[in-house]
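Chemist:
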Amino acid sequence: MAFCGISLPSSNQHHPHFLIVQNLSSAPSSLPSKTQRPPLSSSPLNATTITTSSSSLSSFYSNGKCSGRLPDGVDRRIFNLSVVGFLLSIDEPLTRFLFFSKALASQVLELDRYTDSKEGFTFLVPSSWIKVDKAGATVLFEDSNKKANNVGVVVIPTRISSLGEFGTPQFVADKLIQAERRKESTKEAEVISVSERSGHAGLQVYEFEYKVDSTRGGLKRVFSAAFVTSKKLYLLNITHSDGLDNLLDMERRMILEQVLHSFDAVPST
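Per UniProt numbering: the sequence shown = residues 1 to 269.
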């Protein structure tokens, strides 16, 4: 899927997520404090290109018209609580100070909630990222500073009622990485984590993190989430270019994980 932007298969490649889609369609620890310290100030602190073949994908994927960012009642969140919690858990004052200074120096990153009421899904997206149109994607947002970082969703029909009918999270992850390794451009592919959570009304959601190094796009980190509801398969991909000039630091990882965990179903209209 290549699921922090969505990497879809080109016309001459077998993309791992595409293969999985075909199969689916057919069937914090804290350190003890040494001394008591006054509380810190509560000041706010301050995912690769979709590659698609229009001819092969347009007939397979149904592109729902997305509702866009909601002008009213938008759920805007400043990403600071998790960072503050981490700072409070750091025992050494100097370490805490250095990290705190770095966080303050970083740009404030807000997360907006994007909801597509027609297709029936929702997720958080960095407010500075730009919505773009790409063949084969239901919706796609790109980092305004680096287009290789993106997040997108694909919605396609399926004959199964839940992901559990297809297999366990580990089973799906194994199929995913096997397909990725079969690509000629892939030099290395490795699953980092596999998990399962409950979404809206107990919805079964699988989440994956893996990294791929290829001759096309270099090293990238991918966070993916998937669920099935109403005979539709929903796939979210967050892609982060993990090159030397764009390493995935802790702050960015926390943000991308927020986006990943926010992916859920909503009643469609």
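Here a beta-carbon is modelled for each residue, glycine too, at the ideal position from N, C-alpha and C.
What's the call for residue 201, buried or exposed, on a 16-neighbour Cβ count within 10 Å?
Modeler: Residue burial annotation: residue 201 is exposed, with fewer than 16 other C-beta atoms found within 10 angstroms of its C-beta.
Chemist: For the structure I just gave you, are there three or more beta carbon pairs, one from the segment 196-214 and one from the segment 173-184, closer than 8 Å?
Modeler: yes
Chemist: Measuring only the C-alpha atoms, how far is residue 332 from residue 163?
Modeler: The structure shown does not extend to residue 332, since the chain is modelled only from 1 through 269, so no value can be given for it.
Chemist: For the pair the segment 222-241 and the segment 258-268, tell me if three or more CB-CB distances fall below 8 Å.
Modeler: With the cut-off at 8 Å, the segment 222-241 and the segment 258-268 touch.
Chemist: Taking the beta carbon of residue 161 as the centre, do at least 16 other beta carbons fall within 10 Å, making it buried, or is it exposed?
Modeler: exposed
Chemist: Please state whether DSSP places residue 169 in a helix, a strand or coil.
Modeler: Residue state, collapsed to three classes: helix.
Chemist: Quick check: the segment 144-162 against the segment 186-193, are there 3 or more CB pairs under 8 Å?
Modeler: no
Chemist: If contacts are defined as beta-carbon pairs under 8 Å, then residue 221 and residue 242 qualify, I think. What distance do you get, rounded to the angstrom?
Modeler: About 5 Å; that satisfies the 8 Å criterion.
Chemist: Could you tell me the distance, in whole angstroms, from the CA atom of residue 174 to the CA atom of residue 144?
Modeler: 33 Å
Chemist: Looking at C-alpha atoms only, which residue of 127, 142 and 239 is the closest neighbour of residue 133?
Modeler: Nearest Cα to residue 133 within the set 127, 142 and 239: 142.
Chemist: Would a C-beta distance cut-off of 7 Å place residue 112 and residue 127 closer than the cut-off?
Modeler: yes
Chemist: Give the straight-line distance between the Cα atoms of residue 146 and residue 267, rounded to the nearest whole angstrom.
Modeler: 33 Å
Chemist: Can you tell me where the alpha helix (DSSP H) with residue 248 in it begins and where it stops?
Modeler: Unbroken run through residue 248: none, as it is neither H nor E.
Chemist: Quick check: what's the CA-CA separation for residue 207 versus residue 110?
Modeler: 23 Å
Chemist: For residue 257, name the three-state secondary structure that DSSP assigns.
Modeler: When DSSP states are grouped into helix, strand and coil, residue 257 belongs to the helix group.
Chemist: Between the beta-carbon of residue 216 and the beta-carbon of residue 205, is there less than 7 Å?
Modeler: no
Chemist: For residue 182, name the three-state secondary structure that DSSP assigns.
Modeler: helix
Chemist: With 16 other CB atoms within 10 Å as the buried threshold, where does residue 255 fall?
Modeler: buried
Chemist: Taking the alpha-carbon positions, what's the residue 136 to residue 218 distance?
Modeler: 23 Å
Chemist: On the CB-based measure, 16 or more other CB atoms within 10 Å of its CB, does residue 74 come out buried or exposed?
Modeler: Unreliable placement is indicated for residue 74, whose pLDDT of 43 sits below 50; no coordinate value is reported for it.
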